[in-house]
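Take a look at the structure set out below.
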Amino acid sequence: MHVLYKLLLFHVLTCRGQIGLGSDIIHGRKSKENSMLFMASVQNKKGHVCGGFLVSEDFVMTAAHCDDQDPTSVVLGTHNLKKVNKDMKYKVKKKCKYPSYVDIAKGNDIMLLKLSRKA
Numbered sequence: 840m841h842v843l844y845k846l847l848l849f850h851v852l853t854c855r856g857q858i859g860l861g862s863d864i865i866h867g868r869k870s871k872e873n874s875m876l877f878m879a880s881v882q883n884k885k886g887h888v889c890g891g892f893l894v895s896e897d898f899v900m901t902a903a904h905c906d907d908q909d910p911t912s913v914v915l916g917t918h919n920l921k922k923v924n925k926d927m928k929y930k931v932k933k934k935c936k937y938p939s940y941v942d943i944a945k946g947n948d949i950m951l952l953k954l955s956r957k958a
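Each residue of the sequence shown is one higher than the one before, counting from 840 in the numbering used here.
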């Protein structure tokens with residue numbers, strides 16, 4: 840029964856993720872300026888790859904599977920990724936995946952990113 844529950848949960852989460860792809864916000868409101876200071880955009884050289892959040896002055900929590908996209912930087916302090924200045928962008932100094940992480944299906948999908956400077 841436990842395995843069946845995990846399979847059902849995995850199916851629901853992966854299907855929901857596929858349905859939610861895109862940048863449209865349905866029945867949403869624009870967030871207020873400076874209301875997302877702890878939210879992070881984890882990025883590679885091409886742009887946004889994952890979300891995350893600031894857990895201390897120089898660590899961001901994100902998903903371990905984001906490492907597949909080779910994240911190199913984090914943007915903090917904006918709700919609009921089209922308006923990013925250099926002070927909002929931080930280089931990733933070190934990546935620390937949960938030791939038991941193998942893939943999304945097996946859980947433990949968590950990773951800390953050490954930033955090159957304090958936020």
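For every residue, glycine included, the Cβ atom is placed at its ideal position computed from N, Cα and C.
Quiz item: Which partner residues does A879 have in the DSSP bridge list?
Solution: Walking along the sequence shown from the start, residue 879 turns up at place 40. According to DSSP, which records beta bridges pairwise, A879 is partnered with G891 and L915.
Quiz prompt | Nearest residue (CA-CA) to T911, options G946, K885 and V894 | solution = Translated into positions along the sequence shown, residue 911 becomes position 72. Closest by alpha carbon: K885.
Practice problem: Give the C-beta separation of L915 and A879 to the nearest angstrom, bearing in mind that I take them to be a contact with Cβ-Cβ under 8 Å. | Solution: Working through the sequence shown from its first residue, we reach residue 915 at position 76. Working through the sequence shown from its first residue, we reach residue 879 at position 40. L915 to A879, Cβ: 6 Å. Contact.
Quiz prompt | Distance, N883 Cα to A958 Cα | solution = Walking along the sequence shown from the start, residue 958 turns up at place 119. Walking along the sequence shown from the start, residue 883 turns up at place 44. Straight-line Cα distance between these residues: approximately 19 Å.
Quiz item: Grouping DSSP H, G and I as helix and E and B as strand, with all else coil, what is K869?
Solution: Against the sequence shown, residue 869 aligns to sequence position 30. Residue state, collapsed to three classes: coil.
Self-check item: beta-carbon A902 near the ligand SAH non-hydrogen atom, thresh 7 Å
Solution: This structure does not include the ligand SAH; it has no bound ligands of any sort.
Exercise. Can you give me the start and stop residues for the beta strand (DSSP E) that M927 sits inside?
Key: The residue labelled residue 927 in the question sits at position 88 within the sequence shown. Segment: none, M927 is in no beta strand (DSSP E) and carries neither H nor E.
Quiz item: Can you tell which of G867, M950, S939 and N873 has its C-alpha closest to the C-alpha of V923?
Solution: Taking the sequence shown and counting its residues from 1, one reaches residue 923 at position 84. Of G867, M950, S939 and N873, the residue nearest in Cα terms is N873.
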